[in-house]
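Note sheet for the following structure.
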Amino acid sequence: MSTEAKEQKPAAPPPDPTLLVSSSPHLHGGESITKIMWSVVLALAPATVLGMVFFGIDAVIVIAVTTISAVAFEAFSQWLRKMPITIADGSAVVTGLLLALNMPPGSPWWLCVIGSFIAIAIAKHLYGGLGYNPFNPALVARVALLVSFPTQMTSWAPTLYMPPDSWTGATPLGAIKEHILKDGTTGMEFTWDYLWQLLAGNVGGSLGETSVIALLIGAAFLLWKGYIWWQVPVSFIASVFAVTGIAFIFNPTGVASPVFHVVSGGLIIGAFYMATDMVTSPVTKRGMIIFGVGCGVITSVIRLWGGYPEGVSFAILIMNATVPLLDRYSRPEVFGARRKLYEVRG
Amino acid sequence: MTKPVHFQGGVHPAYNKQYTVDLSIEKMPLPKRFVIPLSQNLGAPAKCLVEKGQEVLKGQPLGEPGGFVSTPVHAPTSGKIKKIDLYPHPLGRGMEAIEIEPDSEDRWVEGCGPLRDFEAMDPDAIRKAIWDGGLVGMGGATFPTHVKLSPPAEKPIDTFILNGAECEPFLTSDHHLMLEAADKIIAGGKLMAKVLGAQNLLIGIEKNKPNAIEIMREAAGGGGFEVVALNVEYPQGAEKQLIYALTKRKVPTGGLPMDVGCVVQNVGTAAAAYDACAHGIPLTERVVTITGSGINKPKNLLLRTGTLLSDVIEFCGGLNADIAKVIVGGPMMGISQYSLDIPIIKGTSGIVFLKADEVTLFTSQPCIRCGSCVKGCPMGLLPTVINAYSVNEMFDVAEEYGAMDCIECGCCAFSCPSHIPLVQNVRRAKAEIQARRKKAS
Amino acid sequence: MIVNAILTLAALGLLAGLGLGFAARVFAVKIDPRVEEIDAALPQFNCGACGYAGCADYAKAVVEGKDPSLCAPGGPNVAARVAAIMGEEVSTQEKKVAFVFCGGSDSAARKKYHYNGVSDCISSDLVSGGDKSCSYGCLGLGTCVHVCPVDAIIIEDGLARVVAEICIGCRKCVEACPKNIIHMVPASRLVHVVCSSQDKGPVVRKACSVGCIGCRRCIKAVDDEQITMDGNLAVVDYSKPLLSREPAESCPTGAIQVIETEFTEQLPPPAEPAEQAAEEAQA
């Protein structure tokens, strides 16, 4: 290259900026996993707070230990799997919190830690992590604990607002099951006051499942946001009401009223927060309704004729197993489809 | 009075039309360079008729149709052919194009301009004028208009719909065309309806354009066209959804609107049809919305085909320093560009310039089966399932689940909280399925 | 109680065993024993390079009369053994390995845009032809890595590279590459034009610092048309021997490379300095 040339070349036009290229669409609605998870935590806040109010310091310890150990196990599992650590997205917090709300208030700390381990490391990460688990992790943990540590998992505590001497040591559903085993009647007087106690949550039970009102407030928030859809909770609750209602008509003394069944036990928390868990429930509307009905029927069967007083956890886990099948056979009709719905590849 | 129905699915992106909604259409002065691609329509590209060094006049054909599903391409101004070579194209690959150096006299070729007796034209004459004029669908799909107006005899058309929905965010070209050229649109629409023999004439305009609805109603007068105010939801302007909203008819999968007796045309195409029939003027200019925060002076511009984007950017005050994405078309279905040396073509409805803070640079997370994509899909598909099968290369099953019915509207990816590039994966499946079908035949 | 249980289970076991033995004889499917012999001789990669659905399927096909030398991973040894089992002979074919004909790593080649999307070459090719300025270049997102059954391909600095020592010659990468720049080369060859660009010289220079600019110096450095021009790209003719460093040394951009592997021939050693000076004085 000659260095003596005097002519100036015209200044080159500024280079084109390096632009970002991607496939369409180029806009995004703004939803994210983080937003969804922390919204669920927010929705659970009323029930969590009320659980702590009703059950006192024991509840605070259970919630804290379960949630913190869930997050710790998530970080540990992701580190072990050489994945980026995503505990800030809140999914471990949700699992931990849901598990805590399903534990008896006086649970020892080691029970909570084992539960978190089962929920996060086994039921979630062993299957591939977020989005890949077929079973609801909190419920897997709860059921595993129930089967392995039956005494601790059925040691209930009175709320701090119950009149002294009224505590029998059993949950409302447990009490009627015991009574039925004795003489075939529920032995329960379903008064308006009792209903109010059940709605408010001033009864024995897992520390988050008791307060129906608090749970419904959170559920309304999630429904409004569109993070849960009405199909699963409504069909779940409606089928529990229907099955127990029919049984009640045939045996009014030996079966509790369907209203009682709806507001007691883990049905409200199960229907609105556990069965609606996105990863383990169907993606189609039709599938969701069948899922809800299945959960409801199984719950009722266990409650009425099974050995356990409560069947929500088992019912949801059983229906979780059917989700791939439901998704496949409940495909919505493609717009303008000429073929029938149920024609699927062999 | 037709009341529009809601189609299933759909999303509601922010309108973002404030940049240009109140700006009337401006004409850009003649640029110094034109690059006219031979491929400006769906179907076969045009075949080159001219050679280097040749002098051409405005409106003169530069390329003849390469088949039935193809259109001619015309010179946007008078000048000399500088080069015929591969040039960058909005579709992303280099394509053959004709570079013209304008002589700034802008002389029309003979036959273009004077008013003809278009009311006396019979359907065949109208169709020929439209084909000779090089008309394509100006909503962006660029399907040759004369083909749409030639349904086979066994598929009679009773409903003709003019699409003034403009459901894409940011774009306002159709809106302003309706405000400023309503009579032309109605006249062009009537000509096209005449070709089809359709009796039921509808114009769909989204409710967020009340002034356009009023003006079009006035222009339609009692003359056959019913203006229907459509619900504002994306993708209201998609053919199948538009037909369903206005007539409750569902275009069958793998089929076309003519299968349910309908034909849809963009309002811009109708205006161009009037020009072609009444004045013999071919399609060489169109309204383009230059918008977004990344351009300093957004405008609704009347641009000639072949104008280079770099010249348009200069006319519009230049780019903002933080420019990150340049999209040809709307932001939901448009194509992001890597070069600013691309020409405006017949189907360019708008150019959206986005800054870095408006663009989502995403990393995908696993699907959490939330169902948002299923909720949003206007075609009733399961995007998450098709995506899973595409990623795992089980394209046969993806086809079973309706991958070929996807209209690539982007509602699914828009809603996905895990930022999964659903449309890209479905496109991959479609490309593979089409290749297999071709191999098999 | 326990004795009953043991006796019952033992009886059931005996019944089951007898039943299975009976079925194994009565319902036995007659297989030609050669099928099992051939299957045992095959390398069990089940890669499909032979065109059949796995090694067992190919074994069946050979016994039915198909070509016994189709197993690329097995190479000439396996072909000979399979043919011997069938009582035939085969001519040995040269081992071929896959080679990526692009040198445009992230340090050498420019990108035309920032890509944000699916991390897969075929998918990114759908988005305006991929993000490399050179439209013929390797996109480096690993579709070939993904399909390789033996992990013989690695991505280094945004460029795919086949490790010849691991490659079994199944051709899956050749079919998968959306740019069609992976081809099979004889394993013994070591001089390659590591570029697939048909663009003219100035265009190549702008896009990539190691691309072939079509200057033809390599062609002048050899005789007998061992390297020819295919359009604007220099191409080695693998049917003619080429054992020389000259093309690589004459290449101004470094597009021609000498790549030695376990299988490649040995290059003659460079001439002594005195001899070199004498050669140059003569030329």
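Protein chains in written order, with our numbering: chain A, 1 to 346; chain B, 347 to 787; chain C, 788 to 1070.
Beta carbons: idealized from backbone N, C-alpha and C, even for Gly.
Straight-line CA distance for residue i to residue j?
i	j	result
A11 of chain A	P1034 of chain C	Confidence at A11 of chain A is low in this model, with a pLDDT of 42, below 50, so its placement is unreliable and no value can be given for it.
I691 of chain B	D463 of chain B	29 Å
G208 of chain A	F314 of chain A	18 Å
I298 of chain A	L495 of chain B	59 Å
P1055 of chain C	I1043 of chain C	18 Å
P1028 of chain C	T1051 of chain C	12 Å
A5 of chain A	V997 of chain C	Residue confidence for A5 of chain A is low, a pLDDT of 44 falling below 50, so the modelled location carries little weight and cannot support an answer.
G680 of chain B	H125 of chain A	39 Å
K363 of chain B	S239 of chain A	48 Å
E876 of chain C	D742 of chain B	41 Å
A827 of chain C	S107 of chain A	60 Å
W192 of chain A	G201 of chain A	14 Å
Y839 of chain C	P830 of chain C	14 Å
T154 of chain A	T280 of chain A	26 Å
A59 of chain A	P233 of chain A	26 Å
I476 of chain B	G535 of chain B	12 Å
T159 of chain A	A175 of chain A	16 Å
R345 of chain A	P324 of chain A	In this predicted model, R345 of chain A has a pLDDT of only 41, less than 50, meaning its place in the structure is not dependable; the value taken from the coordinates is given anyway. Their backbone Cα atoms lie some 15 Å apart in a straight line.
L130 of chain A	I714 of chain B	7 Å
Just tell me which of the options has its CA closest to the CA of residue i.
i	options	result
V705 of chain B	B:S682, B:G693, B:G726 and B:C716	B:S682
V334 of chain A	B:I627, B:G664, B:E745 and B:I659	B:E745
I1000 of chain C	C:L1020, C:C931, C:M873 and C:I1014	C:L1020
Y747 of chain B	B:D621, B:S639 and B:G726	B:G726
E1071 of chain C	C:D912, C:A951, C:V980 and C:L807	Because chain C in this structure spans residues 788 to 1070, residue 1071 of chain C falls outside the shown range and cannot be described.
V990 of chain C	C:L794, C:S856, C:K919 and C:Y902	C:K919
I371 of chain B	B:N554, B:H420 and B:H522	B:H522
A527 of chain B	B:L517, B:M562 and B:N666	B:M562
G924 of chain C	C:V932, C:K899 and C:G904	C:K899
V865 of chain C	C:R812, C:C889, C:P936 and C:C837	C:C837
L27 of chain A	B:K553, B:F708 and B:N771	B:F708
W229 of chain A	A:L195, A:L97, A:T276 and A:S211	A:T276
R992 of chain C	C:M971, C:G891 and C:G956	C:G891
Which word fits residue i, buried or exposed, when buried means at least 16 other C-beta atoms lie within 10 angstroms of its C-beta?
i	result
Q8 of chain A	Any reading at Q8 of chain A must be qualified, since the residue scores a pLDDT of 47, below 50, and its modelled position is unreliable; no value is offered.
I953 of chain C	exposed
Y590 of chain B	buried
H492 of chain B	buried
R783 of chain B	exposed
V790 of chain C	exposed
R81 of chain A	exposed
M740 of chain B	exposed
E1047 of chain C	exposed
Identify, in the order they occur along the chain, each residue of the same chain with its Cβ nearer than 6 Å to the Cβ of residue i, setting aside the five sequence neighbours on each side.
i	result
G287 of chain A	L326, D327 and S330
E445 of chain B	V381, K428 and K429
G626 of chain B	G457 and C458
Q78 of chain A	I85
W38 of chain A	G90
What residues in its chain sit with their C-beta under 7 Å from that of residue i, if we drop five residues either side in the sequence?
i	result
L768 of chain B	C719, P729, N733, C758, A759 and C762
P258 of chain A	F241, T244, G245 and F248
P105 of chain A	F55, D58, A59, V62, A157 and L207
Using a threshold of 8 Å, is the CB atom of residue i nearer than that to any non-hydrogen atom of the ligand COA?
i	result
A121 of chain A	Absence of the ligand COA from the depicted structure is noted, as is the absence of any ligand whatsoever, leaving it without description.
I'd like the list of long-range same chain contacts for residue i, defined as Cβ closer than 8 Å, with 5 residues on each side in sequence excluded.
i	result
R774 of chain B	S736
G356 of chain B	E579, Y580, P581, Q582, Q587, G722, P724 and C757
P603 of chain B	E585, K586, I589, V597, V609 and V610
Do the segment 50-67 of chain A and the segment 92-101 of chain A touch if we need at least three Cβ pairs shorter than 8 Å?
yes
Counting pairs of beta carbons, one from the segment 997-1013 of chain C and one from the segment 943-952 of chain C, are three or more of them closer than 8 Å?
no
Mind the definition here: the segment 633-646 of chain B touches the segment 365-375 of chain B only if three or more C-beta pairs lie below 8 Å; say whether that holds.
yes
State whether the segment 541-550 of chain B contacts the segment 654-666 of chain B, with contact taken as three or more CB pairs (one from each stretch) at a distance under 8 Å.
no
Should the segment 899-913 of chain C be regarded as contacting the segment 953-973 of chain C, the criterion being three or more beta carbon pairs within less than 8 Å?
yes
Is it a yes or a no for the segment 307-321 of chain A touching the segment 259-274 of chain A, going by three-plus beta-carbon pairs under 8 Å?
yes
Does the count of Cβ pairs from the segment 864-871 of chain C and the segment 846-855 of chain C closer than 8 Å reach three?
yes
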